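Shown next, in structure tokens, is the structure this report addresses.
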Amino acid sequence: MSHEDVLNPKHMPHDPEKATLEGKNKFLAFWFFLGGETVLFASLFGTYIALNGSTAGENTPEHLFGLELVFLMTMMLLTSSLTSVYAMYHMKNHDFRKMQTWLAITVLLGLAFLGCEIYEFLHYVHEYEFTFGSSAFASAFYTLVGFHGGHVLFGLSWIVALMIRNQKRGLNLYNAPKFYVASLYWHFIDVVWVFIFTVVYLMGKVG
Amino acid sequence: MSTTAAQKGGLGAAIWDYLTTVDHKKIAHLYLVAGGLFFLIGGLEAMLIRIQLMKPDNNFLAAGLYNEMITMHGTTMIFLAAMPLIFALMNAVVPLQIGARDVAFPFLNSLGFWLFLFGGLMLNVSWFTGGAPDAGWTNYAPLSTTSPGHGVDYYVMGLQISGAGTLIGGINFLVTIVNMRAPGMTYMRMPLFTWSTFVTSTLILFAFPALTVGLFLMMFDRMFGAAFFDVAKGGNVIIWEHLFWIFGHPEVYILILPLFGAFSDIFSTFSKKRLFGYSAMVFATVLIGFLGFMVWAHHMFTVGMGPIANSIFAVATMAIAVPTGIKIFNWLFTMWGGQIRMTSAMLWSVAFIPSFTIGGMTGVMLAAAAADFQYHDTYFVVGHFHYVIVGGVVFGIFAALHYWWPKMFGKVLNEKLGKLAFWPFFIGFHLTFFIQHFLGLMGMPRRYWVFLEGQGLEAGNMISTIGAFLMAIGSVIFLINVVYTAVKEKKVSGDPWDGRTLEWTMPSPPPHYNFVQTPLVRGLDPLWVEKTEGKEGMTPAEPLGDIHMPNASILPFTMSLGLFIAGFGFIYQTDDKTWLVAAVVGMAITLGSMLIRSLKDDLGHHIHKEELEEDIKKGVGK
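In the order they appear, the protein sequences are chains A and B.
Here the first sequence stands for residues 1 to 207, numbered as in the UniProt record's numbering.
Here the second sequence stands for residues 1 to 622, numbered as in the UniProt record's numbering.
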């Protein structure tokens, strides 16, 4: 049997992302990778919490943050996680078109989130002169939230690349693990944001 | 594909083959050569340090150069010598021990190597561009954040790049061991070397990201005007120490655990007995790995964390002596009553036990937080960690290389030269470092470039330097042995030691697909199980059929090269913003290569049954 036949079976299995050894390996490796990412963000959160009050007499969290925009961003990202679940649901039903549609909606929500974040950063820099080197708190804030933003950007580029690459040929056992793993990444980004929303913004306003 | 290119001959083809290879056995060669080279560089730096400290008030090295020397010696030995040599062993052995044809991600395996190599090169380029890093291998802030020149920048970028490679390697081995084991190879039948690789990979996965973050913070402070460690802007220098040791302490277990595994396999083979207390050994390995994460602050007893934190970390540290003790006794009991063969590999292993135990004992002394205020930053600490790292890791690497050399290269290292290398190294090691404990207790601080006359430190330092020269002689004899063996020694069979585990069931060196047929594992020490039943070789678990193999690729090389270029861009953009071009171009090469990898299908290729039958006729099946 050639690769083509193996990767495009007549009846797609229920879990196309784990039907091949390569798929199983990717699936497991990505969970391990997310374990490492968790330590990465835990270290960044630890740094942020340690430097939370170290504003050097400059802008404080209470002074800076506006919860309205952040609430909107949270809703966008949470919804995008839901739409990526729909996409994976359709992958398991072997409905490629619907999967692409829901992925496209996910990407749009992610882009909107990213746009808001860029606006937020620019706003802080221009209105408050709150820059990367203003204080230890500023460095910690931009690094933690910026790392998350970088992950969003990378995730969006990844999903878009996969969508364009597979637009014509549809789903098979070779690309199913790729889509699945990208959606896992997207969920992880979402979970990190929940912690950022709580630790940075809510605790910054109230704590 | 790549192998056919190599067969056509020519140096160019061979180089291209190694640049693009995804075969774990060839990647092991690459790690071995690169790690060996950095080991020599690090060793040379050590010799220069010892020459400087040979006599009081010496002026062989200037003070600044001495700082660079100690920094680069530590950093090189840990990150660029010990780590890759361990990865060489893991790559050479683990897939064979579990009955796999390759690792789970051959492409990533190659990427891990090239990232490590380019990171190591980056670090060492600093010698030629105005000064190496000089803030110690621990790179504490604010010493590091205020260090002039670009030395520390090279430290940051070099370790960031090579650290990414290590992390990738760790994930790869985790998945390989979970998913790629042959039928019947249950977790509790895995050889100890595979078990310790598994635990080590877990430690890599959870420890290295902390270093990644620490290095990013350092990079942002030094190159992009952040204020993490700038106290005037509210920064806190202790954050670096925590992040560094949250990584750094597990790192020492990352170094020693694989060699604990190698020693276990060696003791068992050369005592002709199954390992004493196998399940206790597995349990102890996992426990050491777990406790390894709970003790990082014992490096920071004098920082001022307070008595409660100090006590907790002191007790946790002492607890590690328990599983380590279990291991020491199990090795002794493995040898007890066995038919012991004192090969070179066994010699290094036997020498390891008392040497490492001394290091463990001084470790417990250091763990006593109150006493540590006296030992801290003295030569006592230097003596302690060289006893565990040289007496454990380096002895282990020598032992494991002697043991697995025939599997990697098809020839047994000359035994006479092997033993001739051992004795000067072993004696030199104890001469060098034993006396350093006493120098430390007498008050000699570490990292100082000179000591004064008339304080009773002369004799001790002279002895230490003489010992260092003996170690150098031992290393050189080992190198001579490598060359001598390659030229003079004869090829040996696939099982020169009367082995017990799966790697000895195949020819040396193995064919690039490893197993013609995946073996069926029927117990612990699977080959020994078959031997006791009078069988030759393993029972296959599958009929003879086509084998699926991965394709070679140059992309891992280009990805790493891109980061290497970008690294220079990041370092020098602080002087001149046009260097940002290098950063952008480098990142574009890396991200572009990643995009190609993602978009271009790489389905691998098949080795057909007919080719395998040809190979069997030539004797590969045995």
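Don't be surprised by glycine CBs; every beta carbon is placed ideally from N, CA and C.
Here the structure is a predicted model, which means the values were calculated and not measured.
Count the CB pairs spanning the segment 467-481 of chain B and the segment 427-434 of chain B that are closer than 8 Å, and state whether there are at least three. yes
Tell me, please, which residues DSSP counts as bridged to Pro-550 of chain B. Residue 550 of chain B sits at position 550 when you count from the first residue of the second sequence. In DSSP, Pro-550 of chain B forms no bridge with anything.
To be precise: take each residue of the segment 128-161 of chain A, compare its Cβ to all Cβ atoms of chain B, and keep it if any distance is under 9 Å. Which residues remain? Thr-131, Phe-132, Gly-133, Ser-134, Ser-135, Ala-136, Phe-137, Ala-138, Ser-139, Ala-140, Tyr-142, Thr-143, Phe-147, Ser-157, Trp-158, Ala-161
Closer than 7 Å by beta-carbon distance: list the chain A residues that pair up with Lys-233 of chain B, in chain order. Here residue 233 of chain B refers to the residue found at position 233 when the second sequence is read from its first residue. Within 7 Å Cβ-Cβ: Ala-56, Ser-135, Ala-136.
How big is the Cα-Cα spacing for Asp-134 of chain B and Met-442 of chain B? The residue given as residue 134 of chain B occupies position 134 in the second sequence. The residue given as residue 442 of chain B occupies position 442 in the second sequence. Asp-134 of chain B and Met-442 of chain B have their C-alpha atoms some 26 Å from each other.
Beta-carbon separation of Trp-240 of chain B and Trp-296 of chain B under 8 Å? Taking the first residue of the second sequence as position 1, residue 240 of chain B is located at position 240. Taking the first residue of the second sequence as position 1, residue 296 of chain B is located at position 296. No, the Cβ-Cβ distance between Trp-240 of chain B and Trp-296 of chain B is not below 8 Å.
Between Ser-553 of chain B and chain A, is there a C-beta pair that is closer than 8 Å? The residue you call residue 553 of chain B lines up with position 553 of the second sequence. Closer than 8 Å: no.
Using a Cβ-Cβ cut-off of 6 Å (strictly less than) and excluding sequence neighbours within five positions of Arg-181 of chain B, which residues of its own chain qualify? Counted from its first residue, the second sequence places residue 181 of chain B at position 181. Excluding sequence neighbours, Arg-181 of chain B sits near Ile-98.
Report the three-state DSSP secondary structure of Pro-250 of chain B (helix, strand or coil). Position 250 of the second sequence holds residue 250 of chain B. Residue state, collapsed to three classes: helix.
Cross-strand partners of Pro-445 of chain B (DSSP beta bridge): Counting from one through the second sequence, the residue named residue 445 of chain B turns up at place 445. Answer is B:Thr-378.
List the residues of chain B whose Cβ lies closer than 7 Å to the Cβ of Asn-25 of chain A, in chain order. Counted from its first residue, the first sequence places residue 25 of chain A at position 25. Close to Asn-25 of chain A, with beta-carbon spacing below 7 Å, are these residues of chain B in chain order: Ala-104, Phe-105, Val-175, Asn-179.
With a cut-off of 8 Å on the beta carbons, I'd call Asn-414 of chain B and Glu-489 of chain B a contact; round off their distance for me. Taking the second sequence and counting its residues from 1, the one referred to as residue 414 of chain B is at position 414. Taking the second sequence and counting its residues from 1, the one referred to as residue 489 of chain B is at position 489. Sure, about 6 Å apart at Cβ, within 8 Å.
Which chain B residues are close to Ala-50 of chain A, counting only those with a beta carbon under 9 Å from its beta carbon? As a working mapping, residue 50 of chain A is identified with position 50 in the first sequence. Residues of chain B passing the Cβ test: Asn-236, Ile-238, Ile-239, His-242.
If you reduce the DSSP assignment to three classes, tell me which class Ile-312 of chain B lands in. As a working mapping, residue 312 of chain B is identified with position 312 in the second sequence. It is helical.
Since Val-303 of chain B meets chain A, which of its residues come closer than 8 Å, beta carbon to beta carbon? Translated into positions along the second sequence, residue 303 of chain B becomes position 303. Ordered by position in chain A, no residue passes the 8 Å Cβ test against Val-303 of chain B, which lies about 14 Å from the chain.
Since Met-335 of chain B and Phe-267 of chain B should fall inside the 8 Å C-beta cutoff, what is the C-beta to C-beta distance between them, to a whole number of angstroms? One-based indexing of the second sequence puts residue 335 of chain B at position 335. One-based indexing of the second sequence puts residue 267 of chain B at position 267. Their Cβ separation, rounded to whole angstroms, is 6 Å, which keeps Met-335 of chain B and Phe-267 of chain B in contact under 8 Å.
For a cutoff of 8 Å on Cβ pairs, would you count Thr-47 of chain A as touching chain B? Looking up residue 47 of chain A in the first sequence gives position 47. Closer than 8 Å: yes.
Please confirm if Val-213 of chain B has its CB atom under 8 Å from at least one CB of chain A. What you label residue 213 of chain B is simply residue 213 of the second sequence in a count that begins at 1. So, interface residue.
For Leu-28 of chain A, which residues in chain B fall below 7 Å Cβ to Cβ? Along the first sequence, one-based indexing puts residue 28 of chain A at 28. Result: Val-175, Val-178, Asn-179.
The beta strand (DSSP E) enclosing Ala-14 of chain A, as first and last residue numbers: For the purposes of this step, residue 14 of chain A is identified with residue 14 of the first sequence, where counting begins at 1. The question names Ala, yet the displayed sequence has His at residue 14 of chain A. First-last for His-14 of chain A: undefined, no H or E at that position.
When Cβ atoms are compared, which residues of the segment 219-233 of chain B fall closer than 9 Å to chain A? Phe-220, Asp-221, Phe-224, Gly-225, Ala-226, Ala-227, Phe-228, Phe-229, Asp-230, Val-231, Ala-232, Lys-233
If we count the other Cβ atoms within 10 Å of its Cβ and call it buried at 16 or more, is His-11 of chain A buried or exposed? In the first sequence, residue 11 of chain A corresponds to position 11, counting from 1. By the 16-neighbour rule on beta-carbons within 10 angstroms, His-11 of chain A is exposed.
Below 8 Å between beta carbons: does that hold for Leu-563 of chain B and Gln-573 of chain B? Taking the second sequence and counting its residues from 1, the one referred to as residue 563 of chain B is at position 563. Taking the second sequence and counting its residues from 1, the one referred to as residue 573 of chain B is at position 573. Contact flag unset, no.
DSSP three-state assignment for Ile-320 of chain B, whether helix, strand or coil: On the second sequence, residue 320 of chain B is found 320 positions in, with the first residue counted as 1. For Ile-320 of chain B, the secondary structure class from DSSP, reduced to helix, strand or coil, is coil.
Would you say Pro-519 of chain B lies against chain A (beta-carbon separation less than 8 Å)? Stepping through the second sequence from its first residue, residue 519 of chain B is reached at position 519. Answer no: the Cβ-Cβ gap between Pro-519 of chain B and chain A never drops below 8 Å.
Could you give the DSSP three-state label for Ala-19 of chain A: helix, strand or coil? Residue mapping note: residue 19 of chain A aligns to position 19 of the first sequence, counting from 1. Three-state result, Ala-19 of chain A: coil.
Could you work out which residues of chain A lie near Ala-210 of chain B, taking near to mean beta carbons separated by less than 7 Å? Reading the second sequence from its first residue, position 210 is the one you call residue 210 of chain B. The answer, in chain order, is Val-39, Ser-43.
Boundaries of the alpha helix (DSSP H) in which His-151 of chain A is found, first to last residue: What you label residue 151 of chain A is simply residue 151 of the first sequence in a count that begins at 1. That run of the alpha helix (DSSP H) goes 136-166.
Chain D contacts from the segment 92-126 of chain B (Cβ-Cβ distance under 7 Å): Reference to chain D is not applicable here, since the protein chains of this structure are A and B.
If Ser-598 of chain B and Ala-161 of chain A are in contact, beta carbons under 8 Å, what's the gap, nearest whole angstrom? Here residue 598 of chain B is taken as the residue at index 598 of the second sequence, counted from 1. Here residue 161 of chain A is taken as the residue at index 161 of the first sequence, counted from 1. Going by Cβ atoms, the distance from Ser-598 of chain B to Ala-161 of chain A rounds to 6 Å, so yes, they are a contact pair.
Does the CB of Tyr-201 of chain A have a neighbour CB from chain B at under 8 Å? As a first step, residue 201 of chain A must be located in the first sequence, where it is residue number 201. It does not; no Cβ of chain B falls within 8 Å.
Just tell me which of B:Gly-149, B:Ile-328, B:Phe-198 has its CA closest to the CA of residue 624 of chain B. Any answer about residue 624 of chain B is impossible in this case: the structure gives chain B only from 1 up to 622.
Can you tell me the Cα-Cα spacing of Pro-13 of chain A and Gln-100 of chain A, whole angstroms? Within the first sequence, numbered from 1, the residue matching residue 13 of chain A stands at position 13. Within the first sequence, numbered from 1, the residue matching residue 100 of chain A stands at position 100. Near 19 Å, if we compare the C-alpha coordinates of Gln-100 of chain A and Pro-13 of chain A.
Can you pull the chain B neighbours of His-3 of chain A, defined as C-beta to C-beta under 7 Å? As a working mapping, residue 3 of chain A is identified with position 3 in the first sequence. Residues of chain B passing the Cβ test: Leu-603.
Would you grab the beta carbon distance between Pro-471 of chain B and Phe-425 of chain B for me? Rounded to a whole angstrom, and I think it's under 8 Å. Position 471 of the second sequence, counted from the start, is the residue given in the question as residue 471 of chain B. Position 425 of the second sequence, counted from the start, is the residue given in the question as residue 425 of chain B. In the sequence under discussion, the amino acid at residue 471 of chain B is Met, which differs from the Pro named in the question. That pair is a contact at about 5 Å.
Taking Cβ to Cβ, would you say Phe-32 of chain A is nearer than 8 Å to Ile-171 of chain B? On the first sequence, residue 32 of chain A is found 32 positions in, with the first residue counted as 1. On the second sequence, residue 171 of chain B is found 171 positions in, with the first residue counted as 1. Yes, the Cβ-Cβ distance between Phe-32 of chain A and Ile-171 of chain B is below 8 Å.
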